[in-house]
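Line by line, the protein sequences are chains A and B. Quick note on numbering: numbering that gives the first Met the number 0 labels position 129 of the first sequence as 128, and the sequence is numbered without any gaps. Quick note on numbering: numbering that gives the first Met the number 0 labels position 52 of the second sequence as 51, and the sequence is numbered without any gaps. We treat Cβ as the ideally placed atom computed from N, Cα and C, and that holds for glycine.
There are 2 protein chains.
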Amino acid sequence: MFIGVSGKNIISFGSGQPDLSPPNRVFRAMFRYRNFKYGLIQGNLNLRKALAKQYPKSTADNFVITNGASEAIDLTLRALSKVNNKKKNRVLLPRPYYYSYPYLIKFAGMEPVYTNLVEGRIDFDDFKKKVKNCKAVIINSPSNPTGRVESMETLKKIEKITNDLGIYVLSDEVYKDLIYIRENYLIKGPRVITVNSFSKTYNMCGLRIGYLWSLDENLVNRVIETKTHTSMNTNILGQEMAYEATKTPEKFIKKQVKIWRERRDFIYKGLSDMGLDLWKPEGAFYVLPKIKNPRAFVWNMFKKYKVITYLGEWFGANDRVRFSYALDINKIKEGLKRVKKYLKIKGEI
Amino acid sequence: MFIGVSGKNIISFGSGQPDLSPPNRVFRAMFRYRNFKYGLIQGNLNLRKALAKQYPKSTADNFVITNGASEAIDLTLRALSKVNNKKKNRVLLPRPYYYSYPYLIKFAGMEPVYTNLVEGRIDFDDFKKKVKNCKAVIINSPSNPTGRVESMETLKKIEKITNDLGIYVLSDEVYKDLIYIRENYLIKGPRVITVNSFSKTYNMCGLRIGYLWSLDENLVNRVIETKTHTSMNTNILGQEMAYEATKTPEKFIKKQVKIWRERRDFIYKGLSDMGLDLWKPEGAFYVLPKIKNPRAFVWNMFKKYKVITYLGEWFGANDRVRFSYALDINKIKEGLKRVKKYLKIKGEI
Chain A
0 MFIGVSGKNI ISFGSGQPDL SPPNRVFRAM FRYRNFKYGL IQGNLNLRKA
50 LAKQYPKSTA DNFVITNGAS EAIDLTLRAL SKVNNKKKNR VLLPRPYYYS
100 YPYLIKFAGM EPVYTNLVEG RIDFDDFKKK VKNCKAVIIN SPSNPTGRVE
150 SMETLKKIEK ITNDLGIYVL SDEVYKDLIY IRENYLIKGP RVITVNSFSK
200 TYNMCGLRIG YLWSLDENLV NRVIETKTHT SMNTNILGQE MAYEATKTPE
250 KFIKKQVKIW RERRDFIYKG LSDMGLDLWK PEGAFYVLPK IKNPRAFVWN
300 MFKKYKVITY LGEWFGANDR VRFSYALDIN KIKEGLKRVK KYLKIKGEI
Chain B
0 MFIGVSGKNI ISFGSGQPDL SPPNRVFRAM FRYRNFKYGL IQGNLNLRKA
50 LAKQYPKSTA DNFVITNGAS EAIDLTLRAL SKVNNKKKNR VLLPRPYYYS
100 YPYLIKFAGM EPVYTNLVEG RIDFDDFKKK VKNCKAVIIN SPSNPTGRVE
150 SMETLKKIEK ITNDLGIYVL SDEVYKDLIY IRENYLIKGP RVITVNSFSK
200 TYNMCGLRIG YLWSLDENLV NRVIETKTHT SMNTNILGQE MAYEATKTPE
250 KFIKKQVKIW RERRDFIYKG LSDMGLDLWK PEGAFYVLPK IKNPRAFVWN
300 MFKKYKVITY LGEWFGANDR VRFSYALDIN KIKEGLKRVK KYLKIKGEI
């Protein structure tokens, strides 16, 4: 996926990582911390206690600190696959989806079932029909790759139906602090597992500090049992840096959202003005326009125009291309210029 | 397993982690490193290049950096479970074994098959009989929990038979730098995957930097593909610290082995003098004596004598107890005094 490709004159709308800097205070841990012994498998107590203040009815016991949100999802699915509640090992997935979900579901020996998004949002009628035969559902709002945010109404209906039917909800909320239209709505319930991370909010992707939160004590214990064997504690210094990040004032996040919103407005207008069919992003930093020949587009943009984009088919959207706008607005401008040039030559706009 | 239990007057022969300090130079990375973006899934190039110098016929491509040796084993088994070479999904395991192996084998949807050690070493006749029906075998020399090192002759016979039969060898060599009787012998072959770590050699357990090495390109690629979804890159700062550790002069390790050998001699003599039946440790920092009532022993030593030991049954050795001697010699002395007192009262010695 061109990860790690860089070079002069390349414009990357590829990888989904912020180009901004982490809060200064996270570096403090690097100057201070000196204990490199094994830590608790569940995660450092100071970090879990700090997180507990951000979630309702919670103590440090409701959290497991993981190697990024990825490991939190992997461990949760591995744990869920062993829950014996007479439900079939199926997981319902809105499509387009984050590209790792189907892999992780299959790795855990489960089967993905898809509900197609309508205008980038969950079609609750279809969801309702399909969820009955599943053990779990993955919700990802704000969504990578659609950039859409589900309505409060839909999220509350999902809370109710999954609770009524005894279905687990794995809610991937790694973009919860990057929403342009309202505050995040935390999905709640006795079988909800929320996954989050320090990567996107605090620009610490490479440190791989994520976590899961759940009020389901059994599920949390199963995850810890699994992690005891699969990776043990999460990097202890990274956890100390994440702990420092929890002390970051709210204004750090607000300042960032302002930057993301400007970029969002800029790229949305730019692509719309070309006449492309796309959904207005409401969160995260992706936009997923329809493109006539996506494979030719992604390939040629890279080879001939030095612009990196990701194929929609990696995310279950065969007729689209994903642009990450996690880059400087001047670069976005230059990238859009090249996109426009290509599409004009091809007669696609 | 009493992990994380500490307190005044407690003597812990429990957790297997060095009490010594990391090389000073690993701290340098903490003062210098400032890039927290995603890294390569396979691991930092500087670290992999440094490791390639330590392994024959190797380049950076033959390595994957992981969240400790645990993740390297987990990823390898997950990758092996998907290899379709008409062999049954069985993994041969010498018993006693490191307690996570059977879990990880089962997590990957495979089945553990056991060959019982004789005098703490592989019985090659039994091994030979059982290995034919397996897809892979795990070798762990020096061994946790036995402290034994396999003979060169056995290791070479294992190399040959597995190569002849097309069977994978997962060689867990995390204690390769802590051997008292000879240099480590690296098992080689086209289907060998060697797992190692910075935890034990450089006293960096909590940073969770491990790796796997293999000349099997397909297997390495499968592991990278899996890790792309399950955890992405390993903590990028930890990798920089591990890179610094690779520059540590040989004498650092020699000095450590001297300390470990003194402790080994001391605890081996102490337990032998009590009349306990045990194997002389040849590597790592564990000893696994027979104990008449292991469950009562472990429980009472902890509750009444504040001495932590681990039940042999966690490692597939029902009639034994594991002592880690990764602690100061004065503490070992005090711990042994308490053990002797208990065993005398119970009339077991």
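- Taking C-alpha positions only, B/Asn217 is separated from B/Lys226 by approximately 14 Å.
- The DSSP-derived three-state label of A/Thr58 is coil.
- Counted as a single uninterrupted DSSP element, the stretch harbouring A/Ser213 is not any alpha helix (DSSP H) but the beta strand (DSSP E) occupying residues Ile208 to Ser213.
- Neighbours of B/Tyr96 in chain A, taken as residues whose beta carbon is under 8 Å from its own, are absent, since the nearest beta carbon is some 12 Å off.
- Residues Lys279 of the same chain have their beta carbon placed closer than 6 Å to that of B/Tyr267, with the five preceding and five following residues left out of the count.
- For B/Val173, there is no enclosing alpha helix (DSSP H), since its DSSP letter is neither H nor E.
- Annotated three-state conformation of B/Ser69 is helix, per DSSP.
- Listed in chain order, the non-local C-beta contacts of A/Lys291 below 6 Å within the same chain comprise Glu347, local neighbours out to five positions each way being set aside.
- Under the Cβ distance rule, A/Ser99 counts among the residues neighbouring chain B, one pair being separated by less than 8 Å.
- When only Cα atoms are considered, A/Trp259 and A/Gln16 end up about 12 Å apart.
- Closest option to A/Pro101, judged by alpha-carbon separation, among B/Asn83, B/His228 and B/Leu92: B/His228.
- Residue nearest to A/Val320 within the set A/Val297, A/Phe284 and A/Leu185 is A/Val297 (criterion: CA-CA distance).
- Three or more pairs of CB atoms, one per stretch, sit closer than 8 Å, so the segment 60 to 79 of chain B contacts the segment 107 to 116 of chain B.
- Less than 8 Å separates the beta-carbon of B/Val168 from that of B/Ile138.
- Residue state for A/Ile40 is assigned as coil, using DSSP reduced to three classes.
- In summary, A/Thr58 is exposed, with fewer than 16 beta-carbon neighbours lying within 10 Å of its beta-carbon over all protein chains present.
- Runs of the alpha helix (DSSP H) spanning 4 or more residues and lying entirely within the segment 254 to 325 of chain A occur at 293 to 304, in chain order.
- The beta carbons of B/Leu46 and B/Tyr201 sit no closer together than 8 Å.
- Interface criterion not met: the Cβ of B/Asn139 is under 8 Å from no Cβ in chain A.
- Each residue's CA atom was taken as its position, placing B/Tyr96 and B/Ser14 some 16 Å apart.
- CA-to-CA, the gap between B/Trp313 and A/Lys250 works out to about 50 Å.
- Ranked by Cα distance from A/Asn329, the first of A/Gly269, A/Met231, A/Gly165 and A/Tyr179 is A/Gly269.
- Contact between A/Ile40 and A/Asn232 holds: their C-beta atoms lie close to 6 Å from each other, under 8 Å.
- Judged by their CB atoms, B/Lys155 and B/Phe123 are not nearer to each other than the 8 Å cut-off.
- Counted as a single uninterrupted DSSP element, the stretch harbouring B/Leu342 is not any beta strand (DSSP E) but the alpha helix (DSSP H) occupying residues Ile328 to Ile344.
- When 9 Å is used as the limit between beta carbons, B/Lys279 is near no residue of chain A, the shortest such separation being about 27 Å.
- B/Ser198 and B/Gly205 have their alpha carbons spaced roughly 8 Å apart.
- Any Cβ of chain B closer than 8 Å to the Cβ of A/Thr229 would place that residue at the interface, and such an atom is present.
- The three-state secondary structure of A/Pro21, taken from DSSP, is coil.
- The DSSP-derived three-state label of B/Ile64 is strand.
- Spanning the alpha carbons of A/Val286 and A/Ile160 requires a straight line of approximately 30 Å.
- A/Pro93 carries a strand assignment under DSSP once its states are collapsed to helix, strand and coil.
- Closer than 8 Å to the CB of A/Met203 there is at least one CB belonging to chain B.
- Listed along chain B, the residues sitting closer than 7 Å to A/Pro21 by beta-carbon distance are Phe35.
- DSSP places B/Tyr113 in the strand class (E or B) of the three-state scheme.
- The continuous beta strand (DSSP E) containing B/Ser196 extends over residues Val191 to Ser196.
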